[in-house]
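S.K.: To start, I am sharing the structure in question, which I have written as structure tokens.
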Amino acid sequence: MEGFFESRNDPAKDPVVLWLNGGPGCSSMNGLFTELGPATIPRPDLKPERNNYSWNNNASVIFVDQPVNTGFSYSGTSVGTSVASAKDLYSLLTFFFKQYPQYATQDFHISGESYAGHYIPVTAAEILSHADRNINLKSILVGNGMTEPLTQYDYYRPMACGEGGYDAVLGESDCRAMDKALPECKRRIKSCYDTEDASTCQSATSYCNARVLGIYGFSRKNFYDIRKNEDEKTLEYSTQFLNSNSTRKAIGAERKWSLCDPSVRGAFSKTGDWMKPIYRVVPGLLAEIPVLIYAGDADYICNWLGNRAWAKALEWPGKAAFNQAPVQPLKLGGSGKEYGNVTHSGNLNFMQIFGAGHMVPEDQPVSSLDFFNRWIWGEWNK
């Protein structure tokens, strides 16, 4: 299942952008209706309202429910790895641009958040591996992504214990427990990286998520926003809208919609995909296209500390230059309000977005549209 929305500006010339939510197994309709799509469902009457800060103000945007069996999508088969999902996405995109050749020559960007930190790099690598592709890939944008777990797990204790720009949400004993469990967690992740064996990677996921990441649950805070309580997030109106008979009939949906599909998560869990070293494809991407890693600084699960750290640790020819590059403020045009900062060198870019959790376009719509427009217009790609 996909949704396609032409640019509000100049669809004949503006770039095409693919948006992917994470999970694994969570629907990109979430991004469409609560983050960056052209409309939101803010009230119980279920009437869509225009989103003035939609990313399709200056780009045509595709929202895809993937892997198969996510959201409205369905199949008689399933996939259990990001690599397999990337092959399906490549086939879908190839078909899309064949059916709509007027878009095939326009710039194409892949964006998304969360577990899309797995999906996006391998999908980009899959596209670039085909010399005969009809996809004009120009960049990728990963928001609060889970891309390099070995480094990301180093920063769960600091983020929860007052070192990420927000007050500590755990007591000293819980912080010590996380520190105590971390060496064994990292040993297991390293074994997963070395072998990429399903059972080894499953073991790393089970141990680390129980003994390190799971301790955060004692805080009763939201995993996606350290400022909020755990039960504050709701998608009630979007869910009702998507499952209404009129909506399903209009879009030809043959099954009910759910935010996240447990069967997809289960399939990925069996392969240990969560801990696999997806980041290893990124240096190859940097040799060909710009990469943006951005992170709302109130997110916990894919927090900005870990995302910044893996970007700095990445082995690629531009590593030294990136680590010496200045941190520059991000400011809105007109007001000059500072909403984050950016580090840029070569094709690698990292942004910290102030006052945003896991879903940056939802929490900071004005700021997210500003950096998105500047990105697709090439400000940091020169």
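Residues 1 to 382 (full-length UniProt numbering) make up the sequence shown, in order.
From the three backbone atoms N, C-alpha and C, an ideal C-beta is built for every residue, glycine too.
Please read all numbers here as calculations on a predicted model, not as lab measurements.
Is DSSP giving Gln364 helix, strand or coil here?
M.R.: Numbered from 1 along the sequence shown, position 364 holds the residue referred to as residue 364. If DSSP states are grouped into helix, strand and coil, Gln364 belongs with coil.
S.K.: Mind checking who Ser111 pairs with in its DSSP beta bridge?
M.R.: Counting from 1 along the sequence shown, the entry for residue 111 is found at position 111. Answer is Trp19, Leu141.
S.K.: Across which residues does DSSP place Lys190 in a beta bridge pair?
M.R.: Position 190 of the sequence shown, counted from the start, is the residue given in the question as residue 190. Paired residues: none, contrary to the question.
S.K.: Measuring only the C-alpha atoms, how far is Ala250 from Ala168?
M.R.: The count along the sequence shown starts at 1 and reaches residue 250 at position 250. The count along the sequence shown starts at 1 and reaches residue 168 at position 168. When rounded, the distance between both Cα atoms is 48 angstroms.
S.K.: Arg157: buried (16+ other C-beta within 10 angstroms of its C-beta) or exposed?
M.R.: On the sequence shown, position 157 is the one that residue 157 refers to. It is buried - the Cβ of Arg157 has at least 16 other Cβ atoms within 10 Å.
S.K.: Please state whether DSSP places His118 in a helix, a strand or coil.
M.R.: In the sequence shown, counting from the first residue as 1, residue 118 sits at position 118. Correct three-state label for His118: helix.
S.K.: Pro67 by DSSP, collapsed to three states: which one?
M.R.: Position 67 of the sequence shown, counting from 1, holds the residue named residue 67. Reduced to three states, the DSSP call for Pro67 is coil.
S.K.: How about Met351 and Phe371: do their beta carbons lie closer than 9 angstroms?
M.R.: In the sequence shown, counting from the first residue as 1, residue 351 sits at position 351. In the sequence shown, counting from the first residue as 1, residue 371 sits at position 371. Cβ atoms of Met351 and Phe371: closer than 9 angstroms.
S.K.: Hey, how far is the Cα of Gly76 from the Cα of Asn69?
M.R.: Translated into positions along the sequence shown, residue 76 becomes position 76. Translated into positions along the sequence shown, residue 69 becomes position 69. Their backbone Cα atoms lie some 9 angstroms apart in a straight line.
S.K.: Between which two residues does the alpha helix (DSSP H) harbouring Phe96 extend?
M.R.: Your numbering for residue 96 matches position 96 in the sequence shown. Here the alpha helix (DSSP H) through Phe96 covers 82 to 99.
S.K.: Restricting to runs no shorter than 4 residues, where is the alpha helix (DSSP H) found entirely within the region 171 to 216?
M.R.: Entirely contained in the region 171 to 216, the alpha helix (DSSP H) runs reaching 4 residues are, in chain order, 172 to 195, 198 to 211.
S.K.: Could you tell me if Glu35 is buried or exposed, where buried requires 16 or more neighbouring beta carbons within 10 angstroms of its beta carbon?
M.R.: As a first step, residue 35 must be located in the sequence shown, where it is residue number 35. Buried, because 16 or more other Cβ atoms sit within 10 Å of the Cβ of Glu35.
S.K.: If you check the beta carbons only, do Gly71 and Trp257 fall under 9 angstroms apart?
M.R.: By one-based count along the sequence shown, residue 71 stands at place 71. By one-based count along the sequence shown, residue 257 stands at place 257. Contact: yes.
S.K.: For Pro329, which residues does DSSP report across the bridge?
M.R.: In the sequence shown, the residue the question calls residue 329 occupies position 329. Pro329 pairs with Asn341.
S.K.: Measure the beta-carbon distance from Tyr119 to Ser85 and round it to whole angstroms, keeping in mind my assumption that it falls under 8 angstroms.
M.R.: The residue you call residue 119 lines up with position 119 of the sequence shown. The residue you call residue 85 lines up with position 85 of the sequence shown. With 8 angstroms as the limit, Tyr119 and Ser85 qualify as a contact, their Cβ atoms being about 6 angstroms apart.
S.K.: Would you mind giving the Cβ-Cβ distance between Phe223 and Tyr300, rounded to the nearest angstrom? I have them listed as a contact below 8 angstroms.
M.R.: Counting from 1 along the sequence shown, the entry for residue 223 is found at position 223. Counting from 1 along the sequence shown, the entry for residue 300 is found at position 300. Confirmed, about 5 angstroms.
S.K.: Need the endpoints of the beta strand (DSSP E) that Gly296 sits in, please.
M.R.: Locating residue 296 in the sequence shown gives position 296, counting from the first residue. Gly296 -> beta strand (DSSP E) spans 291 to 296.
S.K.: Over what stretch of residues does the beta strand (DSSP E) that includes Lys256 continue unbroken?
M.R.: Working through the sequence shown from its first residue, we reach residue 256 at position 256. Where Lys256 is concerned, there is no enclosing beta strand (DSSP E), given that its DSSP letter is neither H nor E.
S.K.: By Cβ distance below 8 angstroms, which residues in the same chain neighbour Gln364 in space, the five residues on each side in sequence not counted?
M.R.: Here residue 364 is taken as the residue at index 364 of the sequence shown, counted from 1. Hits under 8 angstroms: Gly296, Tyr339, Ile353, Phe354, Gly355, Ala356.
S.K.: Check this for me: beta carbons of Asn341 and Gly318, under 9 angstroms apart or not?
M.R.: Sequence index remark: in the sequence shown, residue 341 carries index 341 (1-based). Sequence index remark: in the sequence shown, residue 318 carries index 318 (1-based). Contact flag unset, no.
S.K.: Taking the straight line between their C-alpha atoms, what separation do you get for Leu332 and Lys270?
M.R.: In the sequence shown, counting from the first residue as 1, residue 332 sits at position 332. In the sequence shown, counting from the first residue as 1, residue 270 sits at position 270. Between Leu332 and Lys270, the C-alpha separation is close to 44 angstroms.
S.K.: Taking Cβ positions, are Ile293 and Leu137 nearer each other than 9 angstroms?
M.R.: To locate residue 293, count along the sequence shown from 1; it is residue 293. To locate residue 137, count along the sequence shown from 1; it is residue 137. Not closer than 9 angstroms, so no.
S.K.: So, is Arg187 buried or exposed, given that buried needs 16 or more other C-beta atoms within 10 angstroms?
M.R.: Position 187 of the sequence shown, counted from the first residue, corresponds to residue 187. Per the 10 Å Cβ criterion, exposed.
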